[in-house]
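Number 154 in this note's numbering belongs to position 148 of the sequence shown; there are no gaps in the numbering. Quick reminder that beta carbons are idealized off the backbone N, C-alpha and C, glycines included. Since the model is a prediction, treat every value here as computed from it, not as a measurement.
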Amino acid sequence: MLDCEVKNSWAQFIDFIESRCSSAEFQNWIAPIQLIEATPHEIQLEVPNIFVQEYLLDNFKDVLCNFLPLKGSGEPAIRFSISASQKQENAPVSAPQEKPEKEPSPYELKLNHLYVFDNFIEGPSNQFVKSAAVGVAARPGKSYNPLFIHGGVGLGKTHLLHSIGHYVSEHHKKLRIQAITTEGFINDIVDHLRNKSIDKMKRFYRNLDVLLVDDIQFLQNRLNFEEEFCNTFESLLNQNKQIVITSDKPPAQLKLSERMVARMEWGLVAHMGVPDLETRVAIIKHKSESRGLNIPNQIAFFIAEHIYNNVRQIEGAINRLSAHSRLMSNNLNEEIVEKILSEMFQSSAPNKKISVEEILKSVAAVFEVRISEIKGESRHKEIALARQVAMYLAKEMIDDSLMKIAASFGGKTHSTLLHAWKKITDQVQMNETLRRQVQMVRRNIES
Ligand code: ADP
Ligand code: MG
Numbered sequence: 007m008l009d010c011e012v013k014n015s016w017a018q019f020i021d022f023i024e025s026r027c028s029s030a031e032f033q034n035w036i037a038p039i040q041l042i043e044a045t046p047h048e049i050q051l052e053v054p055n056i057f058v059q060e061y062l063l064d065n066f067k068d069v070l071c072n073f074l075p076l077k078g079s080g081e082p083a084i085r086f087s088i089s090a091s092q093k094q095e096n097a098p099v100s101a102p103q104e105k106p107e108k109e110p111s112p113y114e115l116k117l118n119h120l121y122v123f124d125n126f127i128e129g130p131s132n133q134f135v136k137s138a139a140v141g142v143a144a145r146p147g148k149s150y151n152p153l154f155i156h157g158g159v160g161l162g163k164t165h166l167l168h169s170i171g172h173y174v175s176e177h178h179k180k181l182r183i184q185a186i187t188t189e190g191f192i193n194d195i196v197d198h199l200r201n202k203s204i205d206k207m208k209r210f211y212r213n214l215d216v217l218l219v220d221d222i223q224f225l226q227n228r229l230n231f232e233e234e235f236c237n238t239f240e241s242l243l244n245q246n247k248q249i250v251i252t253s254d255k256p257p258a259q260l261k262l263s264e265r266m267v268a269r270m271e272w273g274l275v276a277h278m279g280v281p282d283l284e285t286r287v288a289i290i291k292h293k294s295e296s297r298g299l300n301i302p303n304q305i306a307f308f309i310a311e312h313i314y315n316n317v318r319q320i321e322g323a324i325n326r327l328s329a330h331s332r333l334m335s336n337n338l339n340e341e342i343v344e345k346i347l348s349e350m351f352q353s354s355a356p357n358k359k360i361s362v363e364e365i366l367k368s369v370a371a372v373f374e375v376r377i378s379e380i381k382g383e384s385r386h387k388e389i390a391l392a393r394q395v396a397m398y399l400a401k402e403m404i405d406d407s408l409m410k411i412a413a414s415f416g417g418k419t420h421s422t423l424l425h426a427w428k429k430i431t432d433q434v435q436m437n438e439t440l441r442r443q444v445q446m447v448r449r450n451i452e453s
């Protein structure tokens, strides 16, 4: 029996790992693992041999804990079995080969089934790029060509790229479409050169109707491959075939040839921005509901306020909460959520030590007051507010004793600091302007 939620969590784990390891590593060690059974309490995985099982646990136990049901001991609740074919043949147990035995056709269209337009939450930061993507999917080669999507990590570029792929393959069945990562394309070229079949590959790519290219930044400093890419692009564009490209930077900032940059700027360059607070809350609600987890509004806001520049991290937070609520079978309250997520913040930025001085500098800039005024005694409204925000952030961001932190504010006491922290904690719930100012300060400090 496959429990839907656990099955989804497993699929998400696989996606997550795929984005973290090299494609050879993924093909050798992760792709051969089969999900056999999933209940809310345990999953059963079939592995080709014991090495794969050990590899999975040695390398990804912590990540597995975030995605899967847990045993009482806190370990992921996985039952392993060795695949029957291995046992039957009584083959000696050996490490996986360089290549998986049954390699999928290199030209198979591989799209993440969760990355569809319907699952993509819109807001002011991504509305424009989403409409461009929908336009391209509806009329490939006839609207913007190429469509170039750029933006930071974890903001949904790959999600939109695959959404275009799903839409085209559903609505334009006759069109030949391929989605590739830039690294995948380079590996393909290398393989085909080795097998002396490069012409076959060129023919395949140049006969496509829609080519989706993820993460073009990986083409930087790969001079030999850039030319092949550029030739492919030109050939397709000349035939009015649709190209969509994603990148972490706009074309002009990529270290690529002028010719390549010019081709990429030819069509529409669209920026994927960081979602604003309301959009992040909507994403949290959507993702948690689809996982059967009920996150009250207040908690959704709390998460959205603390994780602001990466939707993938938001998903990580929901996975943690989901694992926790399954294990503890109790309702989530703010205290629990804060505990679980603060651990997560620590693990995401373990090395960065923030100082009171940095906080003061950033608060002074955003609130337009002097550092000396914040440290002083003035009760002037603006200065007092800036001081309280600085104290609030110092308590939130610095892992030190309250007494020590308070002393850095011109010798204040720890109860003054606590009072300020409580006051700002309450105010940011209700005051959107203040919430944004605090976010801005935080972002300046963390960047
Ligand atoms: P990028 O390619 O920009 O690094 P991804 O497309 O891989 O980011 O997105 C990271 C994760 O966040 C994915 O699981 C994706 O589904 C999710 N995500 C990003 N933006 C949105 C959004 N607007 N609505 C829903 N999910 C989103
Ligand atoms: Mg991506």
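Buried or exposed: where does residue i fall if 16 or more other Cβ atoms within 10 Å of its Cβ makes it buried?
i: residue 290; result: buried
i: residue 399; result: buried
i: residue 4; result: Outside the displayed range of the chain (7 to 453) lies residue 4, so it cannot be described from this structure.
i: residue 26; result: exposed
i: residue 172; result: buried
i: residue 403; result: buried
i: residue 248; result: buried
i: residue 354; result: Its pLDDT being 45, under 50, residue 354 is placed unreliably by the model, and the measurement read from it follows with that caveat. Exposed.
i: residue 428; result: exposed
i: residue 132; result: buried
i: residue 227; result: exposed
i: residue 334; result: exposed
i: residue 206; result: exposed
i: residue 220; result: buried
Thinking just about the alpha-carbon of each residue, which of the options is nearest to the one in residue i?
i: residue 453; options: 61, 19 and 315; result: 315
i: residue 341; options: 173, 440, 309 and 181; result: 309
i: residue 41; options: 32, 35, 33 and 53; result: 53
i: residue 3; options: 157, 119 and 368; result: In this structure the chain extends from 7 to 453, so residue 3 is not present and cannot be described.
i: residue 65; options: 36, 88, 365 and 51; result: 36
i: residue 130; options: 436, 302 and 277; result: 277
i: residue 69; options: 88, 402 and 21; result: 21
i: residue 257; options: 242, 24 and 274; result: 274
i: residue 195; options: 365, 43, 184 and 208; result: 208
i: residue 284; options: 231, 295, 304 and 232; result: 304
i: residue 255; options: 222, 145, 198 and 286; result: 222
i: residue 260; options: 115, 224 and 293; result: 224
i: residue 135; options: 114, 145, 162 and 115; result: 162
For residue i versus residue j, is the C-beta distance shorter than 7 angstroms?
i: residue 75; j: residue 332; result: yes
i: residue 138; j: residue 153; result: yes
i: residue 318; j: residue 160; result: yes
i: residue 414; j: residue 362; result: yes
i: residue 147; j: residue 213; result: no
i: residue 183; j: residue 216; result: yes
i: residue 11; j: residue 297; result: yes
Just the Cα atoms here: how many angstroms apart are residue i and residue j?
i: residue 73; j: residue 326; result: 7 angstroms
i: residue 446; j: residue 430; result: 15 angstroms
i: residue 57; j: residue 39; result: 11 angstroms
i: residue 425; j: residue 312; result: 21 angstroms
i: residue 102; j: residue 306; result: Residue placement at residue 102 is poorly supported in this model, since its pLDDT is 44, which falls under 50; the coordinates still yield a value, given next. Straight-line Cα distance between these residues: approximately 43 angstroms.
i: residue 368; j: residue 238; result: 48 angstroms
i: residue 86; j: residue 16; result: 14 angstroms
i: residue 386; j: residue 435; result: 23 angstroms
i: residue 422; j: residue 280; result: 35 angstroms
i: residue 441; j: residue 323; result: 21 angstroms
i: residue 51; j: residue 169; result: 29 angstroms
With residue i as the anchor, note down where its beta strand (DSSP E) starts and where it stops.
i: residue 52; result: 48-53
i: residue 386; result: Here residue 386 belongs to no beta strand (DSSP E), and DSSP marks it neither H nor E.
i: residue 88; result: 84-88
i: residue 157; result: 153-157
In the DSSP assignment, find the unbroken alpha helix (DSSP H) run with residue i in it and report its ends.
i: residue 276; result: Element bounds for residue 276: not the alpha helix (DSSP H) but the beta strand (DSSP E), 274-278.
i: residue 196; result: 188-200
i: residue 296; result: 283-296
i: residue 322; result: 317-334
i: residue 44; result: No alpha helix (DSSP H) holds residue 44; the beta strand (DSSP E) holding it covers 40-45.
i: residue 242; result: 229-244
i: residue 405; result: First-last for residue 405: undefined, no H or E at that position.
i: residue 444; result: 438-452
i: residue 68; result: 56-73
Within the present structure, is the beta-carbon of residue i separated from the nearest heavy atom of the ligand ATP by less than 6 angstroms?
i: residue 163; result: The model on display carries the ligand ADP and the ligand MG but not the ligand ATP.
Output yes if chain B places a C-beta closer than 7 angstroms to the C-beta of residue i; else output no.
i: residue 217; result: Reference to chain B is not applicable here, since this structure consists of a single protein chain.
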